[in-house]
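Numbering (the working numbering), first residue to last: 95 to 281.
See structure below.
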């Protein structure tokens with residue numbers, strides 16, 4: 095039964111909406127399962143990466159410097175050599191960089207999970223495309239359609255395992271001259 099383009103777009107939109115909602119639910123669930131320390135590190139990192147953080151530091155450090163060099167005589171100078179300011183800034187930088195690294199590690203774990211999911215989807219799509227090509231080739235053969243690309247189609251019909259791809263990539267990257275040869279053959 096033929097479908098109109100509006101029916102097809104609604105169907106695609108529903109699938110897209112369902113996928114987006116599933117991803118958002120997953121992110122919310124992962125956020126709920128984050129430890130208190132991970133959530134604290136994420137919040138501190140988020141705040142430290144904001145313009146509010148910059149403004150607060152510009153005001154506090156600027157006032158500190160102005161008071162201690164004598165340009166703002168509201169308070170007596172308490173750090174005329176600015177050594178305490180340097181120490182405070184150094185300690186703060188140590189903690190902020192640690193929080194940023196914690197957040198980056200968590201993001202890297204999430205990225206690894208997404209990459210694994212993406213790989214699985216791509217492998218499934220490759221397998222499905224191979225099966226479709228096999229079916230279409232069988233139909234073409236049944237209808238006596240002469241295909242000029244029989245060798246290429248036969249090669250494309252072979253399943254390729256991730257291990258084969260990784261092994262080939264490792265072999266090519268192990269030898270720069272082999273990599274150049276492989277690139278020149280593909281061109």
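For each residue, glycine too, the CB sits at the ideal point set by N, CA and C.
For residue i, the three-state DSSP class (helix, strand or coil)
| i | result |
| --- | --- |
| residue 259 | helix |
| residue 171 | coil |
| residue 251 | coil |
| residue 95 | Bear in mind that a pLDDT of 49 at residue 95, under 50, signals an unreliable position, so the model cannot answer this. |
| residue 151 | helix |
Residues near residue i in its chain [Cβ-Cβ closer than 7 Å; skip 5 each side]
| i | result |
| --- | --- |
| residue 197 | 135, 136, 139 |
| residue 248 | none |
Terminal residues of the alpha helix (DSSP H) in which residue i lies
| i | result |
| --- | --- |
| residue 231 | 177-236 |
| residue 164 | Looking at the DSSP string, residue 164 is not in any alpha helix (DSSP H), and its letter there is neither H nor E. |
| residue 131 | 130-142 |
Inter-residue CB distance, residue i and residue j (contact presumed, cutoff 8 Å)
| i | j | result |
| --- | --- | --- |
| residue 217 | residue 256 | 7 Å |
| residue 188 | residue 142 | Contact doesn't hold; Cβ gap of about 12 Å is too wide. |
| residue 166 | residue 180 | That belief does not hold up - the Cβ atoms of residue 166 and residue 180 are roughly 19 Å apart, past 8 Å. |
Closest residue to residue i among the options (Cα-Cα distance)
| i | options | result |
| --- | --- | --- |
| residue 259 | 116, 227, 213, 169 | 213 |
| residue 54 | 109, 175, 122, 180 | For residue 54 there is no data in the structure shown, the boundaries of the chain being 95 and 281. |
| residue 246 | 263, 237, 228, 215 | 228 |
| residue 155 | 130, 178, 254, 224 | 178 |
| residue 129 | 200, 175, 113 | 200 |
| residue 183 | 222, 160, 152, 262 | 152 |
Residues near residue i in its chain [Cβ-Cβ closer than 6 Å; skip 5 each side]
| i | result |
| --- | --- |
| residue 170 | none |
8 Å Cβ shell around residue i - same chain, five flanking residues per side excluded
| i | result |
| --- | --- |
| residue 241 | 231, 234, 247 |
| residue 195 | none |
| residue 168 | 161 |
Any chain C beta carbon closer than 8 Å to residue i
| i | result |
| --- | --- |
| residue 121 | The structure shown contains no chain C; it is built from a single protein chain. |
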